[in-house]
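Participant: Per the UniProt record's numbering, the very first residue in the sequence shown carries number 1; after that it's consecutive.
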Amino acid sequence: MIDSGSCLPTGPERQKSYNYRKIQMPNTKEIRIRIKAIGSTAKITKAMEMVAASKMKKSQDTAVKNRDYATASYEVLCNLQRDESCNHILLSNNEAKEKNLLIVVTSDKGLCGSYNTSVIRKALEYIKANPETDIIAIGKKGQKLLSALGKNVIGAYTDFPINAKEYDVAPIITQARTDFTNNIYKEVAVCYTEFQSTIKQKTELKQLIPFNNDVIASEAKQSNNDKIAASPSAPRNDEVNFKFEPSCQEVIDYIVPRIIETQFYQMILESIASEQSARMMAMKNATDAADDLIEDLELTYNSIRQGSITQELAEISAAVNAGRTS
1 MIDSGSCLPT GPERQKSYNY RKIQMPNTKE IRIRIKAIGS TAKITKAMEM VAASKMKKSQ
61 DTAVKNRDYA TASYEVLCNL QRDESCNHIL LSNNEAKEKN LLIVVTSDKG LCGSYNTSVI
121 RKALEYIKAN PETDIIAIGK KGQKLLSALG KNVIGAYTDF PINAKEYDVA PIITQARTDF
181 TNNIYKEVAV CYTEFQSTIK QKTELKQLIP FNNDVIASEA KQSNNDKIAA SPSAPRNDEV
241 NFKFEPSCQE VIDYIVPRII ETQFYQMILE SIASEQSARM MAMKNATDAA DDLIEDLELT
301 YNSIRQGSIT QELAEISAAV NAGRTS
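#1: Could you tell me the boundaries of the beta strand (DSSP E) in which residue 194 lies?
#2: Does residue 207 come out as helix, strand or coil in the three-state DSSP assignment?
#3: Alpha carbons only, please: which of 145, 317, 288 and 190 is nearest the one belonging to residue 328?
#4: Compare the beta carbon distance of residue 188 and residue 180 with 8 Å and say whether it is the shorter of the two.
#5: Please report the distance separating the alpha-carbon of residue 267 from that of residue 192.
#6: Is it right to say residue 106 is buried, meaning 16 or more other beta carbons lie within 10 angstroms of its own, or is it exposed?
#7: Excluding the 5 residues flanking residue 147 on each side, which residues of the same chain have their C-beta closer than 7 Å to its C-beta?
#8: Where does residue 137 sit, in a helix, a strand or coil, going by DSSP?
#9: So what does DSSP say about residue 111, is it helix, strand or coil?
#10: I need the DSSP call for residue 116, collapsed to helix, strand or coil.
#11: Compare the beta carbon distance of residue 87 and residue 269 with 8 Å and say whether it is the shorter of the two.
#12: So residue 102 and residue 127 are in contact, right, with Cβ under 8 Å, and what is the actual spacing, rounded?
#13: Would residue 210 and residue 297 be called neighbours here (beta carbons separated by less than 8 Å)?
#14: Could you tell me which whole beta strand (DSSP E) segments of length 3 or greater appear in the stretch 228-312?
#15: How close, in whole Å, do the beta carbons of residue 355 and residue 185 come, if the pair is a contact with beta carbons under 8 Å?
#16: For residue 208 versus residue 276, is the C-beta distance shorter than 8 Å?
#17: For the stretch 125-140 against the stretch 292-309, do three or more pairs of beta-carbon atoms, one drawn from each stretch, fall closer than 8 Å, so that the two count as touching?
#18: For residue 229 and residue 68, what's the separation of their Cα atoms in angstroms?
#19: Compare the C-alpha of residue 151 against each of 124, 129, 167 and 162 and name the closest.
#20: Just to confirm, is the Cβ distance from residue 118 to residue 198 under 8 Å?
#21: Are residue 190 and residue 142 closer than 8 Å when you measure CB to CB?
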């Protein structure tokens, strides 16, 4: 006959087995503590969700209102380029240089889902294809991660206000424009996030300097089509002959740097709106997950409590029956 007791763990092994069962079977007190802790976290994430929603609405309105102006600036540039005698250094390719400048737009804070990782991933793809690349990081997250990866971060700008103005971003693009004019870089590109909707943002990498003629033509056509749709009787730009005063060259010398600033400012606005949208959705998902976890824990708590009460009733009933028998 086999002694069943000999199959049970003894000594330290028995203690280890007991501890394992103890961890696997939490008591009601432990569950209550977990429910309280998760509930506190859910309150924080809910508050952060509401704050992000408020900021998102403001930044979204600013980005959308400025978008038409930024698109129309391409239309102006396209009209200027019709005069082949007009040219500008910011519209010309600088093939003599191999080095590029990449401006990476990220956030200062985390808790915004995949917002930062998507931008960094796109930036790393560009750097892999263009090893001779200097980086200007906008946002602490991009600065820290790109520096940790050993990339050549030559400048960093942080703590951008939620209601950023053109003068807040002017020093960045002015420096980039000056470096390109001085033949330091072949091109200047920007990696940012385009705001499309509350639940959808798209990571973009666009060449800012020199202007891409295909992009100019495409954006100008879209702007012109929007204008025609709003006013069908309006003439198409390609049907109009423009006269520039004092001269086309003087106009283009003044307006091209302004258009570059406008486009870069729009990219910053799009990124700010995207960041707040991503943070709002991340906090909403965190709050929903916390609520689901609390619901599961409460179900477990009630099951354990019900089992405990049932056991107590069974013991009382057994004791009563034993008393009657005796």
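Built from N, CA and C at the ideal position, the CB exists for glycine as well.
It should be emphasised that the depicted structure is a prediction, and the values quoted were computed from it without experimental measurement.
Facilitator: The short version:
#1: The count along the sequence shown starts at 1 and reaches residue 194 at position 194. Taken as a continuous stretch (DSSP letters only), the beta strand (DSSP E) holding residue 194 covers 187-197.
#2: Looking up residue 207 in the sequence shown gives position 207. Residue 207 falls in the strand class under three-state DSSP.
#3: Residue 328 lies beyond the residue range present for the chain, which begins at 1 and ends at 326; the question has no answer from this structure.
#4: Translated into positions along the sequence shown, residue 188 becomes position 188. Translated into positions along the sequence shown, residue 180 becomes position 180. Contact flag set, yes.
#5: Here the question's residue 267 lines up with position 267 in the sequence shown. Here the question's residue 192 lines up with position 192 in the sequence shown. Using only the alpha carbons, I get a separation of about 7 Å.
#6: As a position in the sequence shown, residue 106 is number 106, starting the count at 1. Classification for residue 106: buried.
#7: Numbered from its first residue, the sequence shown carries residue 147 at position 147. Same-chain partners within the cutoff: 153.
#8: As a position in the sequence shown, residue 137 is number 137, starting the count at 1. Three-state DSSP puts residue 137 in a strand.
#9: Taking the first residue of the sequence shown as 1, we reach residue 111 at position 111. Looking at residue 111 - three-state DSSP - the assignment turns out to be coil, as it is neither helix nor strand.
#10: For the purposes of this step, residue 116 is taken as the residue at position 116 of the sequence shown. Here residue 116 sits in helix by DSSP.
#11: Within the sequence shown, the letter at position 87 stands for residue 87. Within the sequence shown, the letter at position 269 stands for residue 269. No, they are not a contact pair.
#12: Residue 102 sits at position 102 when you count from the first residue of the sequence shown. Residue 127 sits at position 127 when you count from the first residue of the sequence shown. Right, the Cβ-Cβ distance comes to about 7 Å (below 8 Å), so this counts as a contact.
#13: Sequence index remark: in the sequence shown, residue 210 carries index 210 (1-based). Sequence index remark: in the sequence shown, residue 297 carries index 297 (1-based). Their beta carbons are not under 8 Å apart, which means residue 210 does not touch residue 297 by this criterion.
#14: none
#15: What the structure shows of the chain is the stretch from 1 to 326, and residue 355 is not part of that stretch, so it cannot be assessed.
#16: Position 208 of the sequence shown, counted from the start, is the residue given in the question as residue 208. Position 276 of the sequence shown, counted from the start, is the residue given in the question as residue 276. No, the Cβ-Cβ distance between residue 208 and residue 276 is not below 8 Å.
#17: no
#18: As a working note, residue 229 is residue 229 in the sequence shown. As a working note, residue 68 is residue 68 in the sequence shown. For residue 229, the predicted structure reports a pLDDT of 48, less than 50, and the residue's modelled location is therefore unreliable. A value from the coordinates is still provided. Looking at the two C-alpha atoms, the distance is approximately 14 Å.
#19: Within the sequence shown, numbered from 1, the residue matching residue 151 stands at position 151. Measuring from the Cα of residue 151, the nearest candidate turns out to be 124.
#20: Sequence index remark: in the sequence shown, residue 118 carries index 118 (1-based). Sequence index remark: in the sequence shown, residue 198 carries index 198 (1-based). No.
#21: The residue labelled residue 190 in the question sits at position 190 within the sequence shown. The residue labelled residue 142 in the question sits at position 142 within the sequence shown. Contact flag unset, no.
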